[in-house]
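These protein sequences, in sequence, are chains L and S. Numbering-wise, the first sequence is residues 1 to 352 according to our numbering. Numbering-wise, the second sequence is residues 353 to 681 according to our numbering. For glycine and all other residues, C-beta sits at the position ideal for the given N, C-alpha and C. Working notes for the structure below.
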Amino acid sequence: MKSGSATEHRGVTEANGFESDRLAPLEERARGADPSLVKDLLEKMLLIRRFEEKAAELYALGKIGGFCHLYIGQEAVAVGAISALGPDDYIFCSYREHGHALARGMDAGAVMAELAGKATGCSKGKGGSMHLFDTRIGFLGGHAIVGGHLPLAAGTAFAAKYQNQPRVTACFFGDAAVNIGAFHESFNLAQLWNLPVVYVCENNEFGMGTPIEKASSIDPLHERACGYGMAHTAVDGMDVLAVREVVGEAVERARRHNLPTFIEARTYRYMGHSMSDPAHGTYRTRAELDEHRRHDPIKRLTSALESIGALTPEAFEESDAQVRQVVEQAAAFAEESPDPASDDLHSDVYRD
Amino acid sequence: MPTLAYREALNQAMSEEMRSDERVFLLGEEVGAYNGAYKVSKGMLEEFGPKRVLDTPISELGFTGLAVGAAMAGLRPIVEMMTFNFSLVALDQIINGAAKMLYMSGGQCPVPIVIRGPGGAAHQLSAQHSQSLESWYANVPGLKVVMPATPADAKGLLKSAIRDNNPVIFIESEVLYGMKGEVPEGEYTIPIGVADVKRTGKDVTIIAHLKMVYVALEAAAELAKEGIEAEVIDPRTLRPLDERTLLDSVRKTNRAVVVEEGWPFAGVGAQFADLIQREAFDFLDAPVLRVTGADVPMPYAKPLEHAAIPDKARVIEAVHRVLYRRQAT
Ligand SMILES: Cc1ncc(C[n+]2csc(CCOP(=O)(O)OP(=O)(O)O)c2C)c(N)n1
């Protein structure tokens, strides 16, 4: 049975208080939150930031090749959203997925080794930066055709429902993906068949160098969901607790009622589109970038926690030092790991 | 042995596998209430219910991708393409998704999925509805490509395809759906990757798949009247290819004609010709000749359409040429 019209769904959305600008200030929410959870969220964001900085360094040294899309600036989205998932839930990502892999708890060494194309990488060196996989934790890949993984996410959601498993699928993609056919077909199927999937669009304002206003006929992007009668909302993607809360509600809807949700997380990427592209210059100015950096998700959480007395600069430094050590170890592991054996070229094409 | 139509054989294969394995389900346009655009899934909605026989919107990209995702989560979907022409809008999901997932995940994500439906020309359906895309799919590592010519092959191979742990492109033919043939009673499968000798002969090998098998057999019957014994080999599976059976035949007959309905440039016949010259060069008494579809979009007008599709006369002509005989007048 179809579950209602677009307008009804928007009503449901608003009644649930989905819009994150209705949320209390970050300080207040941080005060109400479990301190160990908040610490974990902060450390995960820090881990991603330091990991990506290291990846940039290794890329410059030629130790990482190909396309490498860094996540710096967007950390709150992956960390907040993935913290709202259960251990059996599925995750699909685009090619900008180092952060999601780390947020899900994938070993930093296995991720770095994959970036370096080593046999010990999470995809045995066959996938690289854009194709991180770890099925043991439901991490079903980075996918590098824009929008191509949205139908796959509908598929794992379908399978969970088919098998009566209370598993939710979260699917992350960029703002440019809302303009490709796969987006529309997936949204229609997800709503038509009531699939337990949460689509999270990470709106960092650009698809490579093309700003949204040159690419999308409507903005806000989350209103695209109206065309499918799907619940939708925007969330401040620089506020990790807001992302966690909004995604958490969507995960509950999915798990309890087999209903999809479309969440637009407003965020910003600080680096170029990929490592071969400067952070600013042609399509955006330094000033624009600096303005966005003032809303840095790590700084925002840190100062909120400091202002309520839940974090000291010393404690922050300690976390940062620990995280840097994890990253150094990951880099060393990648460096020391062997290349894939040449006879591995032909394995994994077919499964017996 | 009971006689079944090709479509009934396919129906039995799917139904038997769905009875024995809960993970198998069928989705596609009109597969349920309408019983399938070509009635292949007749009665299946009634037997298995709407949970396992799903009518989809016209969203080949969407539902093929959904099926790939479902396969990644442990199900075994059968996707019916109303015809393979429409699979073109799902090509990204099939090639960038299904075919590569296992490899790029370092062996973690198998995709056990069958994508099936009719390919090739039917009757006067013109350019967008008449094409043989098997060489497109057979080009891709990670896919298997199966093309059965008879009801018995259709059933046995479809059962194997459903049990296979890899994505299988299973191409049928609109004009074969009504064809009847003997099908073994009870449980049986035919392994993927094994060719079938559809007629034995010693003078020339004719390699043909799907409905071209019948064109080859008609040509062989005609040639027999002039004392030429043609061996007709149906690879049945294009990838993986049963190279052994093809080569054994050519080593025996020393001559080969390859027949395919698709376009000539980079067609599957080119692959067979490459194989034969590489592995059986010293056995060849003549160049390998190809009989293919015309290098044009399919025309609508009946005489033009006939001229575009390989027929018995062209196969006979090619056989005469590899035997260095003048065409009988
Ligand atoms: C279908 C397709 N077209 C083009 C590309 C090349 N490309 C890779 S990323 C990208 C921009 C995508 O931007 P967005 O979806 O906003 O994600 P972001 O990179 O900002 O995370 C383009 C054009 C591609 N990978 N896939």
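Residue i versus the options, residue with shortest Cα-Cα distance
i, options, result
"L:A287", "L:L345, L:P151, L:Q74 and L:Y270", "L:Y270"
"S:M650", "S:Q483, S:M453, S:A422 and S:S601", "S:Q483"
"L:D352", "S:V609, S:A568 and S:I544", "S:I544"
"S:A506", "S:G384, S:E595, S:T541 and S:I465", "S:T541"
"S:V347", "S:L379, S:E595 and S:I585", "Outside the modelled stretch of chain S, which goes from 353 to 681, sits residue 347 of chain S, for which no answer is possible."
"S:R607", "S:Y358, S:K394 and S:F624", "S:F624"
"S:P354", "S:D594, S:A504 and S:L378", "S:A504"
"L:R22", "L:G229, L:A160, L:R104 and L:T233", "L:T233"
"S:G346", "S:G395, S:K604, S:G645 and S:I447", "It is not possible to answer for residue 346 of chain S, since the shown part of chain S is limited to 353 through 681."
"L:S337", "L:C122, L:G142 and L:Y268", "L:C122"
"L:E185", "L:N164, L:R224 and L:P25", "L:R224"
Cβ-based burial, residue i [other Cβ within 10 Å; buried from 16]
i, result
"L:V251", "buried"
"S:A573", "exposed"
"L:G11", "Note that L:G11 scores 31 on pLDDT, short of 50, meaning its location in the model is unreliable and no value can be drawn from it."
"L:F92", "buried"
"L:G147", "buried"
"L:T13", "Confidence in L:T13 is poor, its pLDDT being 40 and thus under 50, which makes the residue's placement too unreliable to answer from."
"S:Q445", "buried"
"S:E524", "buried"
"L:S83", "buried"
"L:G199", "It is worth fixing the name first, because residue 199 of chain L is Tyr in this sequence and not Gly. Classification of L:Y199: buried, given that the 10 Å Cβ count is 16 or more."
"S:Y652", "exposed"
"L:T261", "buried"
"L:F206", "buried"
"L:S130", "Sequence inspection shows Met at residue 130 of chain L; the Ser mentioned does not correspond to that position. Buried is the call here."
"S:Y386", "exposed"
"L:N203", "buried"
"S:E579", "Note that residue 579 of chain S is Gly in the sequence shown, not Glu. It counts as exposed."
"L:D89", "buried"
"S:K511", "buried"
Alpha-carbon spacing of residue i relative to residue j, whole angstroms
i, j, result
"L:H98", "S:I521", "33 Å"
"L:D239", "L:P297", "6 Å"
"S:A665", "S:T597", "26 Å"
"S:D516", "S:H481", "29 Å"
"S:E570", "S:V674", "18 Å"
"L:S217", "L:V235", "20 Å"
"S:T552", "S:Y529", "26 Å"
"S:P519", "S:G614", "22 Å"
"L:E249", "L:I263", "11 Å"
"S:G621", "S:E612", "7 Å"
"S:G619", "S:D647", "11 Å"
"L:E291", "L:E27", "22 Å"
"S:I410", "S:E381", "6 Å"
"L:S5", "L:Q191", "Reliability fails at L:S5, whose pLDDT of 40 lies under 50, so the model's placement of it is uncertain and the value that follows must be treated cautiously. Spanning the two alpha carbons is a distance of roughly 11 Å."
"S:E369", "S:I430", "11 Å"
"S:L427", "L:A279", "43 Å"
"L:A170", "L:I72", "21 Å"
"L:I308", "S:V441", "55 Å"
"S:V383", "S:R404", "11 Å"
"L:D134", "S:D663", "52 Å"
"S:R371", "S:L575", "46 Å"
"S:A659", "S:A670", "16 Å"
"L:K63", "L:A116", "6 Å"
Residue(s) in a DSSP beta bridge with residue i
i, result
"S:Q483", "S:G472"
"S:E524", "S:P470"
"S:R607", "Per DSSP, none; premise fails for S:R607."
"L:I263", "L:V200 and L:T233"
"S:R591", "S:V497"
"L:S94", "L:H143"
"S:I558", "S:V584 and S:V609"
"S:V549", "S:I585"
"S:A357", "S:K532"
"S:S642", "The identity of residue 642 of chain S in the sequence shown is Arg, whereas the question assumes Ser. Per DSSP, S:V610."
"S:G380", "S:D407 and S:E432"
"L:C171", "L:F92 and L:Y199"
"L:P211", "L:F206"
"L:D134", "L:F139"
Would you call the stretch 155 to 166 of chain L and the stretch 191 to 203 of chain L touching, i.e. three or more CB-CB distances under 8 Å? Of all C-beta pairs linking the stretch 155 to 166 of chain L to the stretch 191 to 203 of chain L, three or more are shorter than 8 Å, placing the two stretches in contact.
Report yes or no: do the stretch 251 to 270 of chain L and the stretch 33 to 50 of chain L share at least 3 C-beta pairs separated by less than 8 Å? Flag = no, the stretch 251 to 270 of chain L and the stretch 33 to 50 of chain L do not touch.
Decide if the stretch 62 to 81 of chain L is in contact with the stretch 99 to 118 of chain L; the criterion is three or more beta carbon pairs, one per stretch, under 8 Å apart. The stretch 62 to 81 of chain L is in contact with the stretch 99 to 118 of chain L.
Can you confirm whether the stretch 322 to 329 of chain L touches the stretch 354 to 368 of chain S when touching is taken to mean that 3 or more C-beta pairs between the two stretches lie within less than 8 Å? Contact between the stretch 354 to 368 of chain S and the stretch 322 to 329 of chain L is absent, because fewer than three Cβ pairs lie under 8 Å.
For the pair the stretch 586 to 593 of chain S and the stretch 548 to 563 of chain S, tell me if three or more CB-CB distances fall below 8 Å. Remark: three or more beta-carbon pairs, one from each stretch, lie closer than 8 Å, so the stretch 586 to 593 of chain S and the stretch 548 to 563 of chain S are flagged as touching.
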